[in-house]
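Beneath this line is the structure, given in structure tokens, with notes to follow.
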Amino acid sequence: MLETPSKFVAQTAFVQPSDATLITLSFRGTELLVHENGQTVRSFATTAPIDSHIVIGRDEQCAYAAQRLAAEFQAPEGSRFANLRSLFGILPDEQVAIAGRALQLLEWDRTHQFCGACATPTVRETHERARRCPACGLSAYPRISPAMMCLVTKGAQILLARNVNFPAGRFSALAGFLEAGESVEDAVHREVHEEVGIQVSDLRYVASQSWPFPHSLMIAFTAEYAGGDLLPNGHEIAEAHWFDKHNLPQLPPKVSIARSLIEATLARL
Ligand SMILES: [Zn+2]
4 MLETPSKFVA QTAFVQPSDA TLITLSFRGT ELLVHENGQT VRSFATTAPI
54 DSHIVIGRDE QCAYAAQRLA AEFQAPEGSR FANLRSLFGI LPDEQVAIAG
104 RALQLLEWDR THQFCGACAT PTVRETHERA RRCPACGLSA YPRISPAMMC
154 LVTKGAQILL ARNVNFPAGR FSALAGFLEA GESVEDAVHR EVHEEVGIQV
204 SDLRYVASQS WPFPHSLMIA FTAEYAGGDL LPNGHEIAEA HWFDKHNLPQ
254 LPPKVSIARS LIEATLARL
């Protein structure tokens, strides 16, 4: 699973003096600058305007900042730009998690340069992660979009579905975004019914995971099948079937909470 390392501490400004090695995570759009082999971040300091830099935090050895590079910026010799998802399993998971956090913050910063109420240019707060409007006082905080994930069980079987956007043959647990006014549990009942037409009961919270594409928080549950005919809705879910541990389709990648949820549930059934 994608998890920020336990020793990482988020910061909005570096506390000086710092004995840590500064690593500047550089993004061009949503792509991260890494060494050619993709196994390490290529820390890179530019003379770009300071407003395109953002402090992320630190762990025991390193302090992390992030910066946006211009679209025309070319990767220096021996390095390349890579989509963060393509670095799963190549770049160490802890660095993927910190880079994911950096990407979310850079994107929030980029898209909140002006006040949403009065269009005045906003300024960064230094004591908290916010951009504030100096004219009307409106503050904008990084947006997190909660989404539920649910693995439905029936005896020793689990329900896996193929989303219409998945690669051919890939199945996963059901998932969907919360709507305004819903609890996470409401969203589980609604989404499961909308996507495959069944009812569930006995919801159990399992885990949550930040998913920075672009700013989701996945909240994972298991639930028991409680009735109804399995009927994929066709526009989101192409097919859905009951599987047991001896008869599994292609599953999501190991870094995802979906994979952990499926493996942990199969282990106890
Ligand atoms: Zn304003």
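Under our numbering, the letters of the sequence shown match residues 4 to 272, in that order. Ideal Cβ positions, reconstructed from N, Cα and C, are used throughout, including at glycine.
- Every candidate alpha helix (DSSP H) stretch fails here, since none sits fully inside the stretch 148–190 while reaching 4 residues.
- With a cutoff of 9 Å on beta-carbon distance, SER259 and GLN212 are scored as near each other.
- Restricted to the stretch 187–254, the beta strand (DSSP E) segments that are unbroken, complete and at least 3 residues in length are 202–214, 219–230 and 240–246, listed in chain order.
- CA-to-CA, the gap between ARG134 and GLU97 works out to about 27 Å.
- Contact annotation, GLU198 with ALA164: C-beta distance approximately 7 Å; criterion of less than 8 Å satisfied.
- The way I'd put it, the stretch 102–110 does touch the stretch 60–75; three or more beta-carbon pairs between them come closer than 8 Å.
- Taking 9 Å as the cut-off, the Cβ atoms of HIS56 and PRO145 do not count as close.
- Comparing alpha-carbon positions, the option among VAL167, ARG127 and GLY237 lying closest to ARG113 turns out to be ARG127.
- Taking a cut-off of 6 Å from the heavy atoms of ligand 1, the residues with a C-beta inside it are CYS118, ALA120, CYS121, THR123, CYS136, ALA138, CYS139 and LEU141.
- In the DSSP assignment, THR268 falls within the unbroken alpha helix (DSSP H) covering 260–271.
- The residue from ALA120, ALA23, SER82 and ILE265 with its alpha-carbon nearest to that of GLU63 is ALA23.
- With 16 or more other Cβ atoms from the protein chains shown falling within 10 Å of its own Cβ, SER175 counts as buried.
- Between ALA210 and MET151, the C-beta spacing is not below 9 Å.
- When only Cα atoms are considered, ASP247 and LEU264 end up about 14 Å apart.
- Look at ALA23 here: in three-state DSSP terms it is coil, with no helix or strand label.
- By the neighbour-count definition (other C-beta atoms within 10 Å, threshold 16), LEU109 is a buried residue.
- Under the DSSP assignment, VAL58 falls outside any alpha helix (DSSP H), being part of the beta strand (DSSP E) whose first and last residues are 56–61.
- Counting only residues of its own chain and dropping the five nearest sequence neighbours on each side, VAL12 has a CB closer than 8 Å to the CB of GLY60, ARG61 and ASP62.
- In this structure, the beta-carbon distance from LEU94 to THR43 falls below 9 Å.
- The beta carbon of LEU25 is closer than 6 Å to those of ALA66 in its chain, skipping five residues each way along the sequence.
- By the CB criterion at 9 Å, GLU185 and SER204 fall outside the cutoff.
- Looking at the DSSP output, LEU109 bridges to nothing.
- When rounded, the separation of the alpha-carbon atoms in THR268 and THR225 is 8 Å.
- DSSP, reduced to helix, strand and coil, places LEU35 within a strand of the structure shown.
- Taking 9 Å as the cut-off, the beta carbon of ALA85 is found closer than this to the beta carbon of VAL37.
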